[in-house]
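Peer 1: Read in order, the letters of the sequence shown are residues 158 to 441 in the working numbering. Glycine included, each C-beta is placed from N, C-alpha and C at the ideal position. Submitted below is the structure of interest, expressed as C-alpha cells.
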Amino acid sequence: MAQITEGPNKTRPKRRGQPAVIKYYLVLYNLLSTLGWSYVLFATLTHFLTSAPPSSRLASYLPAFLTHSFPFLQTHRWEKYAPPELIPLFRRASSTYAAVGGVTAIVQSFAVLEIVHALLGWVRSSPLTTFSQVYSRLYVVWGVLHLFPHTRTNPLYASAVLSWSIAEVIRYAFYVCTLLGSEPYALLWVRYTAFLVLYPTGAGSEALLIFDSLPAAFTSPTVLRAVLGQVRGMSWPEVVHADFRAIMFCIWWPSLYMLYTHMMRQRRRVLGGGRTLGAKPKTL
C-alpha cells in the first residue's frame with residue numbers, strides 16, 4: 158500500500174537541529190517527487206481525455222480471474238448492453254499501462270530513498286514502517302505488473318495510478334511546505350481528507366491486481382491443491398511465488414483496515430477541535 162498511505166509526516170526534520178544541507182536535500186527530493194508524480198498524473202489524465210480508445214473488444218481486457226470464474230464474459234456479448242459512453246473510458250483504462258507504466262515505475266522506484274532517509278535518521282519515520290510501505294508499492298510495480306504482462310491491461314491499473322499520483326502530489330507538496338516552514342491549512346486539510354477516497358481505490362486496486370496475477374487454480378475450487386504446491390505446469394519457484402501472492406492478497410485487506418482507521422484517528426487529532434490555525438499538526 159506504500160505511499161498511498163498519507164500517514165505521519167516522513168520528511169519533517171527532527172526536533173533537534175539538523176544540518177542545513179540535509180534539510181535542503183530533503184526539500185529537493187520532495188520537490189522532485191512532487192514534479193514526478195505531477196507528470197504521471199498529467200500523463201494519465203491526458204491519456205484518458207485525448208487518446209483514441211483501443212479498438213479491441215472490451216472483454217479482451219477483463220481481468221483473468223473474471224474470465225476464469227465467469228466464462229460467459231469471454232463471449233463479448235455483454236458489451237452490447239454496456240452504456241456506449243463507458244466503453245471508450247474502460248478501454249482507455251485498460252491501455253493506461255502502455256501510456257504511463259514506464260514512467261510510473263521509474264518515479265515510484267525513487268521511493269527507496271525514503272528507506273535510506275529513515276535509516277540515517279534524517280526523518281522521524283520508523284525504518285521498518287517506511288520499508289513496509291515502500292516495499293508494498295514496489296512489489297505491485299515490479300513483482301506483479303513487470304512479471305505478469307496480462308495484468309497491465311487490467312483497468313484497475315488506471316485507478317491505482319490515479320490514486321497513487323494524486324496522493325503523492327499532495328503528500329510531497331505538503332512535505333516541501335513543511336520543511337520550508339510553511340503549512341497552508343488548505344493543503345493540510347486535503348492531506349488528511351483525500352485518503353478517505355484514495356485508500357480504498359488505491360490499495361483496493363493493488364490487491365486486485367495481485368489477485369489477477371494468480372494462476373487460474375487459485376481462483377477455482379482447486380485452490381487448496383494450489384496452495385499446497387500441486388499445480389500442474391508450474392515450477393517450484395513459480396508455485397512459491399504464487400503462494401506468496403495469495404498470502405499478500407489476503408493480508409492486504411486487514412492492513413488496509415488498520416491503516417485506514419489509523420488515518421481516521423490522525424485526521425481527528427490534526428483537524429479536530431483544539432487545534433488552532435497555524436499550529437503544527439500533532440502527527441509526530
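V280 by DSSP, collapsed to three states: which one?
Peer 2: Translated into the one-based positions of the sequence shown, residue 280 becomes position 123. Three-state DSSP puts V280 in coil, outside helix and strand.
Peer 1: For Y196, tell me which candidate among A262, R426, L416 has the shortest Cα-Cα distance.
Peer 2: Taking the sequence shown and counting its residues from 1, one reaches residue 196 at position 39. Distances from the alpha-carbon of Y196 to those of A262, R426, L416 put A262 closest.
Peer 1: Just curious, the alpha helix (DSSP H) that H204 is in, first and last residue?
Peer 2: Here residue 204 refers to the residue found at position 47 when the sequence shown is read from its first residue. H204 -> alpha helix (DSSP H) spans 177-207.
Peer 1: So is P240 buried or exposed if we call it buried at 16+ other beta carbons inside 10 Å?
Peer 2: Mapped onto the sequence shown, residue 240 falls at position 83. P240 should be labelled exposed.
Peer 1: Just to confirm before moving on: does the CB-CB distance between T358 and S320 stay below 8 Å?
Peer 2: Taking the sequence shown and counting its residues from 1, one reaches residue 358 at position 201. Taking the sequence shown and counting its residues from 1, one reaches residue 320 at position 163. Contact flag set, yes.
Peer 1: Using only the alpha-carbon positions, how far apart do F401 and P341 sit?
Peer 2: As a first step, residue 401 is located in the sequence shown; it is residue number 244 there, counting from the start. As a first step, residue 341 is located in the sequence shown; it is residue number 184 there, counting from the start. Each residue's alpha carbon lies about 42 Å from the other.
Peer 1: By Cβ distance below 6 Å, which residues in the same chain neighbour F331 in space, the five residues on each side in sequence not counted?
Peer 2: Here residue 331 refers to the residue found at position 174 when the sequence shown is read from its first residue. Excluding sequence neighbours, F331 sits near L344, R348.
Peer 1: When the Cα atoms are used, what is the spatial distance from S190 to Y181?
Peer 2: Translated into positions along the sequence shown, residue 190 becomes position 33. Translated into positions along the sequence shown, residue 181 becomes position 24. Between S190 and Y181, the C-alpha separation is close to 14 Å.
Peer 1: CB R309 to CB G258, shorter than 8 Å?
Peer 2: Start at 1 with the first residue of the sequence shown, and residue 309 comes out as number 152. Start at 1 with the first residue of the sequence shown, and residue 258 comes out as number 101. Yes, these two residues count as a Cβ contact at 8 Å.
Peer 1: Does the separation of the CB atoms of P198 and S322 fall below 8 Å?
Peer 2: As a working mapping, residue 198 is identified with position 41 in the sequence shown. As a working mapping, residue 322 is identified with position 165 in the sequence shown. Inspection of the sequence shows that residue 198 is occupied by Leu rather than by Pro. In contact: L198 and S322 (Cβ atoms closer than 8 Å).
Peer 1: Run through DSSP, which three-state label would G258 get?
Peer 2: Looking up residue 258 in the sequence shown gives position 101. Looking at G258 - three-state DSSP - the assignment turns out to be helix.
Peer 1: Is R422 buried or exposed, if buried means 16 or more other CB atoms sit within 10 Å of its CB?
Peer 2: Here the question's residue 422 lines up with position 265 in the sequence shown. By the Cβ neighbour-count rule, R422 is exposed, with fewer than 16 other Cβ atoms within 10 Å of its own.
Peer 1: Between the alpha carbons of G429 and L304, how many angstroms are there, rounded?
Peer 2: Translated into the one-based positions of the sequence shown, residue 429 becomes position 272. Translated into the one-based positions of the sequence shown, residue 304 becomes position 147. Distance between the alpha carbons of G429 and L304 is about 44 Å.
Peer 1: Using the C-alpha atoms, what's the distance from A317 back to R328?
Peer 2: In the sequence shown, the residue the question calls residue 328 occupies position 171. In the sequence shown, the residue the question calls residue 317 occupies position 160. So the two alpha carbons sit approximately 16 Å from each other.
Peer 1: Have a look at Q290, T201, G278 and flag the residue whose alpha-carbon is nearest the alpha-carbon of T253.
Peer 2: Along the sequence shown, one-based indexing puts residue 253 at 96. When each option's Cα is compared against that of T253, the closest is T201.
Peer 1: Could you give the C-beta distance for G193 and V264, rounded to a whole number, given that I count them as a contact under 8 Å?
Peer 2: Here residue 193 refers to the residue found at position 36 of the sequence shown. Here residue 264 refers to the residue found at position 107 of the sequence shown. Confirmed, about 4 Å.
Peer 1: Whole angstroms are fine: how far does the CA of Y296 sit from the CA of L443?
Peer 2: The structure shown has nothing for residue 443, since the chain only spans 158 to 441.
Peer 1: To test your reading of the DSSP string, which unbroken alpha helix (DSSP H) runs of 4 or more residues are found completely within the region 295-320?
Peer 2: Considered as a whole, the region 295-320 harbours no complete run of any alpha helix (DSSP H) with no fewer than 4 residues.
Peer 1: Where do the ends of the alpha helix (DSSP H) carrying F247 lie?
Peer 2: Position 90 of the sequence shown holds residue 247. Element bounds for F247: 243-251.
Peer 1: With 16 other CB atoms within 10 Å as the buried threshold, where does Y314 fall?
Peer 2: If you number the sequence shown from 1, residue 314 lands on position 157. So Y314 ends up on the buried side.
Peer 1: Going by beta carbon distance, what residues of the same chain come within less than 7 Å of V184, once the five residues before and after it are set aside?
Peer 2: Numbered from 1 along the sequence shown, position 27 holds the residue referred to as residue 184. Closer than 7 Å at Cβ, skipping near neighbours: V333, L336, L337.
Peer 1: How about E271 and V291: are their beta carbons less than 8 Å apart?
Peer 2: Position 114 of the sequence shown holds residue 271. Position 134 of the sequence shown holds residue 291. The answer is yes: Cβ separation under 8 Å.
Peer 1: Would you kindly work out how many angstroms separate the C-alpha atoms of F368 and I404, rounded to a whole number?
Peer 2: Counting from 1 along the sequence shown, the entry for residue 368 is found at position 211. Counting from 1 along the sequence shown, the entry for residue 404 is found at position 247. Straight-line Cα distance between these residues: approximately 10 Å.
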